[in-house]
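Numbering (full-length UniProt numbering), first residue to last: 1 to 362.
What follows is the structure, given as structure tokens:
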């Protein structure tokens, strides 16, 4: 995303009182409780209304409540993409995936454009059924998580093969892995000179290696989640002392058309950050390979793709914090992310490739 686009992006200014007013005016919900949830560029609230009054499209209040999502001004301009997200969420829900199902407002639409202040930009406002459970990144780490994450990602990808959504297919986003080299514009936020050198090395290698395999990467491209991280994965367990299992997926705000390898690299990077364990990357790949074929070139490209995502997440996190020091959520990856990046990048290429190849065969 270009710098002028970043400057034009305005995060919604919404407090709990305004969120309740939007829920009442647009969806007919009355009273209840509301809790703000963490977010990067958007504003999200968990709404538990006590009643619904004048919305013919809602017969009763969902038992677990709703997520009221107010999208940033830049993404809100792309109405086709907002509609595409809603279509994809509805499709996944209809096919057994636990995800936030869109709710129609009083006019029968799945979103509306709202101006939160008189001279401000428009923001897309949506209501989604809340997915019960816990966020993977908020429960104690479990060694089986990366394997399960890879399996569920493959299953979701299999479903996304069955639907064509032009509004998502033509979308671009700064969080696409293709855009990772653009973070070199923001290296002034990386104060450690060693870390800065690693970022430069990784992104130069990423451009070189993906260009060398560009035809194969384009051929395997399709819809990807685009941000399958520890905060977008819902986990549940059957018994109080039982193991956690991946139960649902959240937030398709970064869904776009890209090589499927990128989704595996993203998931591997975030499982590595969450656990602090490099082996998590290979376990994601192993789980994914149980439900989808893994092309031969993936193993040779996975290292540079994971490292590129780590660079992208770490640098953009620092940049976002510099713009909004109150938002510490954007720094969540820093503690484990930098050591993981340095360790993976310095590993001999043949050694890590062999480990991952064995994961696929096991």
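Built from N, CA and C at the ideal position, the CB exists for glycine as well.
**OP:** Please name the residue, chosen from 148, 262, 41, 250, that lies closest to residue 290 on a Cα-to-Cα basis.
**Re:** 148
Original post:
Is it the case that the Cβ atoms of residue 363 and residue 216 are separated by a distance below 7 Å?
Top reply: This structure gives no information on residue 363, because the portion of the chain shown stretches from 1 to 362.
Original post:
Hey, residue 273 and residue 320: beta-carbon distance below 7 Å or not?
Top reply: no
Subject >> Beta-bridge partners of residue 67, as assigned by DSSP >> reply: 46, 128
Subject >> Distance between beta carbons of residue 48 and residue 28, contact taken as under 8 Å >> reply: No, residue 28 and residue 48 are not in contact; Cβ-Cβ is about 15 Å, not under 8 Å.
Subject >> Helix, strand or coil at residue 368 according to DSSP, with G and I counted as helix >> reply: Look at the range of the chain in this structure, 1 to 362, and you will see that residue 368 is not part of it.
Original post:
Hey, residue 308 and residue 202 are a contact pair by Cβ (cut 8 Å); roughly how many whole angstroms apart?
Top reply: 6 Å
Original post:
Where does residue 175 sit, in a helix, a strand or coil, going by DSSP?
Top reply: coil
**OP:** Classify residue 62 as helix, strand or coil using the three-state DSSP reduction.
**Re:** When DSSP states are grouped into helix, strand and coil, residue 62 belongs to the coil group.
Subject >> Of the residues 204, 197, 188, the one placed nearest residue 179, counting alpha carbons only >> reply: 204
Subject >> Unbroken beta strand (DSSP E) run spanning residue 236, endpoints >> reply: 233-236
**OP:** Enumerate, from N- to C-terminal direction, the unbroken alpha helix (DSSP H) stretches of 4 or more residues contained entirely within the region 164-209.
**Re:** With a minimum length of 4 residues, the unbroken runs of alpha helix (DSSP H) contained wholly in the region 164-209 fall at 166-169.
Subject >> Spatially closest choice to residue 228 from 261, 275, 153, by CA coordinates >> reply: 153
Subject >> Euclidean distance between Cα positions of residue 285 and residue 181 >> reply: 24 Å
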